[in-house]
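**Student:**
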Amino acid sequence: MIEQSRTMDHFHYRDGQLYCEETPVAALAGRFGTPLYVYSQATLLGQLKALQTAFAEVDPLVCYSVKANSNLGVLKVLAAHGGGFDVVSGGELFRVRRAGGEPGKTVFAGVGKTDEEIKAGLEAGVLMFNVESEAELDAIARVASAEGRVAPIALRVNPDVDPKTHRYVSTGKKESKFGMDIDRSLRLAEAVAAMPGVSMIGMHMHIGSQITTTEPYGGAVAKGVEIIAQLREMGHPIAWYNMGGGFGINYRGREARPIEEFARAIVPGVTATGCRLAMEPGRVIAGNAGILVSRVLYTKQSGEKRFLIQDAAMNDLIRPALYESFHRIWPVAVPEGLPAPPDDFEAAIAGTEPWDVVGPVCESGDFLAKDRPLPRLDRGALLATFSAGAYGMVMASNYNTRPRAAEVLVDGAEARLVRRRETYEDLIQQECLEA
Ligand code: LLP
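Straight run, no breaks: the sequence shown in this note's numbering ends on number 476.
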């Protein structure tokens, strides 16, 4: 029996040992080394299914946002279960195709598409392009006409709502670089009617990421319904309401609303338009489907501060350094007398002391957590950093010439290496010594 936790995932402790589904995480670390990303297939598919079910009334096409976790193994599993995709580059489109994803279920977004990328999207037959500016619209129309094709498009409208999230991941306010304000979008829509090479079949909005409350969506949908009515009056055959992504997840405790509540805020408006719903969720599918496993190297104390130095660093998971993001961290094998896991990872826990969990990279910003209650751990002990499945490996770098981590996809009691650990040779392969 697989239990579900508050994070709707399949990582759980049994007799003080962390498991991913039916697989002991310590065994994976032994087999594949650390740092190691471990993904749970049951969690990925459970979240995909939860979205498909909660929004069933508006016949949803769940276009998983590839940027969150673009591993081919992850994409393949989602494609095999009816998932579509949201890509923002020719590279992501290439991955989707390689993983067996259907271009006809793929939306092509992004503020800076090149002519080559537009061409690749047309040739693949993507469902639609999300258009971010007037200049981009001209480019799409030009490339499509030259190819003798008609590009299906959706205008990305910026509804000017505050998603109340971190300023780096907020996109739906009018000062953001994404989309176009409502007036400008409507003016542009007038022009589209007379343009060869494009057909406007959808309307797109994406207001931000890690949104934990439903109100911003309610506000955006209300505006979307009106915009769609006006677009149709102009004669555009709008069949798709693309609400973007952004559903928040529980990083700490229970801060994010469940998917069903988001659905209740969104479905009535979309129903009123008669459109099919397209959505671009990334984090809510992959975030809690992955952990980063690392091994303790050293502990040290400097003044009052205690440092736990382990082998995962900011180059493996940059979210804490970049956004001061909180990730739960707990030993893979829980020492006697400690909870597995604690209810609250920030509160004082008997048997723990505050530690800065840091990596080997030469930067003060290289930390996974600050002042985190953890037990004293010996060299070689394993740590799990939770909620690392989205915007983890995809944002990893080779800073300090550190090979990037391996990735493993677990299905029940089976684990499959879906990306091998990089070697030093991999790291210098593109460089040239000779002139
Ligand atoms: N659609 C569009 C147009 C987007 O810009 C994004 C995310 C998504 C969908 C997927 O959003 P999600 O459902 O995952 O929230 N690196 C940051 C997150 C950046 C999000 C960028 N756009 C982080 O680690 O929190």
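Glycine included, C-beta positions come from ideal geometry on N, C-alpha and C.
Note that this is a predicted model, so its numbers are computed, not measured.
Please classify Met-244: does DSSP put it in a helix, a strand, or coil?
**Tutor:** Start at 1 with the first residue of the sequence shown, and residue 244 comes out as number 203. Here Met-244 sits in strand by DSSP.
**Student:** What residue does the beta strand (DSSP E) around Asp-224 start on, and which one ends it?
**Tutor:** Working through the sequence shown from its first residue, we reach residue 224 at position 183. Counting along the chain, Asp-224 falls outside any beta strand (DSSP E), though it belongs to the alpha helix (DSSP H) covering 223-233.
**Student:** Can you tell me whether Gln-82 is buried or exposed, with buried defined as 16 or more other CB within 10 angstroms of its CB?
**Tutor:** Stepping through the sequence shown from its first residue, residue 82 is reached at position 41. That one is buried.
**Student:** Strictly by DSSP, which residues pair up with Thr-147?
**Tutor:** For the purposes of this step, residue 147 is taken as residue 106 along the sequence shown, with counting starting at 1. Its beta-bridge partners are Phe-126.
**Student:** In the DSSP output, which residue or residues are listed as bridge partners for Asn-500?
**Tutor:** The structure shown does not extend to residue 500, since the chain is modelled only from 42 to 476, so the question has no answer here.
**Student:** To the nearest angstrom, how far is the alpha carbon of Gly-430 from that of Thr-84?
**Tutor:** To locate residue 430, count along the sequence shown from 1; it is residue 389. To locate residue 84, count along the sequence shown from 1; it is residue 43. Those two C-alpha atoms are separated by around 10 Å.
**Student:** Using alpha carbons as the reference points, say which of Leu-423, Glu-404 and Ile-390 lies closest to Asp-412.
**Tutor:** As a first step, residue 412 must be located in the sequence shown, where it is residue number 371. Measuring from the Cα of Asp-412, the nearest candidate turns out to be Ile-390.
**Student:** Excluding five sequence neighbours on each side, which residues of the same chain lie with their C-beta closer than 6 Å to the C-beta of Gly-123?
**Tutor:** As a first step, residue 123 is located in the sequence shown; it is residue number 82 there, counting from the start. Counting only Cβ-Cβ distances below 6 Å, and skipping sequence neighbours, we find nothing.
**Student:** Using DSSP with H/G/I as helix, E/B as strand and the rest coil, what is Tyr-440?
**Tutor:** Residue mapping note: residue 440 aligns to position 399 of the sequence shown, counting from 1. Here Tyr-440 sits in helix by DSSP.
**Student:** For Gly-142 and Glu-463, I'd like the C-alpha separation in whole angstroms.
**Tutor:** Counting from one through the sequence shown, the residue named residue 142 turns up at place 101. Counting from one through the sequence shown, the residue named residue 463 turns up at place 422. Gly-142 and Glu-463: Cα-Cα distance of roughly 26 Å.
**Student:** Just curious, the alpha helix (DSSP H) that Val-266 is in, first and last residue?
**Tutor:** Stepping through the sequence shown from its first residue, residue 266 is reached at position 225. Here the alpha helix (DSSP H) through Val-266 covers 256-274.
**Student:** Could you spell out the range, first to last residue, of the alpha helix (DSSP H) harbouring Phe-288?
**Tutor:** The residue given as residue 288 occupies position 247 in the sequence shown. Unbroken run through Phe-288: none, as it is neither H nor E.
**Student:** Can you grab the Cα-Cα spacing for the pair Pro-376 / Arg-420, in whole Å?
**Tutor:** Within the sequence shown, the letter at position 335 stands for residue 376. Within the sequence shown, the letter at position 379 stands for residue 420. About 14 Å.
**Student:** List the DSSP bridge partners of Asn-171.
**Tutor:** Within the sequence shown, residue 171 is the residue found at index 130, counting from 1. BP columns for Asn-171 point to Ala-195.
**Student:** At a threshold of 7 Å, does Arg-150 count as lining the ligand LLP (C-beta to nearest heavy atom)?
**Tutor:** Taking the first residue of the sequence shown as 1, we reach residue 150 at position 109. Correcting the residue type first, residue 150 is Ala in the shown sequence and not Arg. Because some heavy atom of the ligand LLP lies under 7 Å away, the Cβ of Ala-150 counts as near it: yes.
**Student:** Can you find a heavy atom of the ligand LLP that lies under 7 Å from the Cβ of Arg-293?
**Tutor:** Here the question's residue 293 lines up with position 252 in the sequence shown. Because no heavy atom of the ligand LLP lies under 7 Å away, the Cβ of Arg-293 does not count as near it: no.
**Student:** Any heavy atom of the ligand LLP closer than 7 Å to the beta-carbon of Glu-321?
**Tutor:** For this step, residue 321 is matched to residue 280 along the sequence shown. The answer is yes for Glu-321.
**Student:** To the nearest angstrom, how far is the alpha carbon of Thr-48 from that of Ile-326?
**Tutor:** On the sequence shown, residue 48 is found 7 positions in, with the first residue counted as 1. On the sequence shown, residue 326 is found 285 positions in, with the first residue counted as 1. Computed Cα separation, rounded: 11 Å.
**Student:** When the distance is taken between beta carbons, is Ile-223 closer than 8 Å to Ile-252?
**Tutor:** Taking the sequence shown and counting its residues from 1, one reaches residue 252 at position 211. Taking the sequence shown and counting its residues from 1, one reaches residue 223 at position 182. It is not a contact, given that the beta carbons lie outside the stated cut-off.
**Student:** Under 8 Å Cβ to Cβ from Glu-133, same chain only, skipping five residues before and after it: list those, please.
**Tutor:** In the sequence shown, residue 133 corresponds to position 92, counting from 1. Here the set comprises Val-107, Lys-108, Ser-111 and Phe-126.
**Student:** So, with DSSP's three-state summary, where would you put Asp-412?
**Tutor:** Indexing the sequence shown from 1 puts residue 412 at position 371. It is a strand residue.
**Student:** DSSP on Phe-135, reduced to helix/strand/coil?
**Tutor:** If you number the sequence shown from 1, residue 135 lands on position 94. Helix at Phe-135.
**Student:** Please check the pair Lys-341 and Ile-332, which I expect to be a contact at CB under 8 Å, by giving their CB distance rounded to whole angstroms.
**Tutor:** Within the sequence shown, the letter at position 300 stands for residue 341. Within the sequence shown, the letter at position 291 stands for residue 332. About 25 Å; that fails the 8 Å criterion.
**Student:** Using DSSP with H/G/I as helix, E/B as strand and the rest coil, what is Glu-394?
**Tutor:** Position 353 of the sequence shown, counting from 1, holds the residue named residue 394. In the structure shown, Glu-394 sits in a strand (DSSP, three-state: E or B).
**Student:** To which residues of the same chain is Val-459 closer than 6 Å at the C-beta, ignoring the five residues directly before and after it?
**Tutor:** Residue 459 sits at position 418 when you count from the first residue of the sequence shown. Closer than 6 Å at the Cβ level, and outside the excluded window around Val-459, lie Asn-112, Gly-114, Glu-448 and Leu-450.
**Student:** Classify Gln-88 as buried or exposed, calling it buried when 16 or more other Cβ atoms lie within 10 Å of its own Cβ.
**Tutor:** Indexing the sequence shown from 1 puts residue 88 at position 47. Flag for Gln-88 reads buried.
**Student:** Indicate whether Ile-279 and Ile-242 have their beta-carbon atoms separated by less than 8 Å.
**Tutor:** Within the sequence shown, numbered from 1, the residue matching residue 279 stands at position 238. Within the sequence shown, numbered from 1, the residue matching residue 242 stands at position 201. Yes, these two residues count as a Cβ contact at 8 Å.
**Student:** Within 7 Å: the Cβ of Ala-109 and any heavy atom of the ligand LLP?
**Tutor:** Along the sequence shown, read from residue 1 onward, the residue named residue 109 stands at position 68. Because some heavy atom of the ligand LLP lies under 7 Å away, the Cβ of Ala-109 counts as near it: yes.
**Student:** Relative to the alpha-carbon of Glu-404, which residue among Ala-232, Ala-354, Arg-461 and Tyr-60 has its alpha-carbon at the smallest distance?
**Tutor:** The residue you call residue 404 lines up with position 363 of the sequence shown. Comparing Cα positions, the closest option is Ala-354.
**Student:** Determine the direct distance from the alpha carbon of Gly-259 to that of Ala-422, and round the result to whole angstroms.
**Tutor:** Here residue 422 refers to the residue found at position 381 of the sequence shown. Here residue 259 refers to the residue found at position 218 of the sequence shown. Answer to the nearest angstrom: the Cα atoms are 46 Å apart.
**Student:** When the Cα atoms are used, what is the spatial distance from Asp-179 to Val-129?
**Tutor:** Working through the sequence shown from its first residue, we reach residue 179 at position 138. Working through the sequence shown from its first residue, we reach residue 129 at position 88. In a straight line, the C-alpha of Asp-179 is about 18 Å away from that of Val-129.
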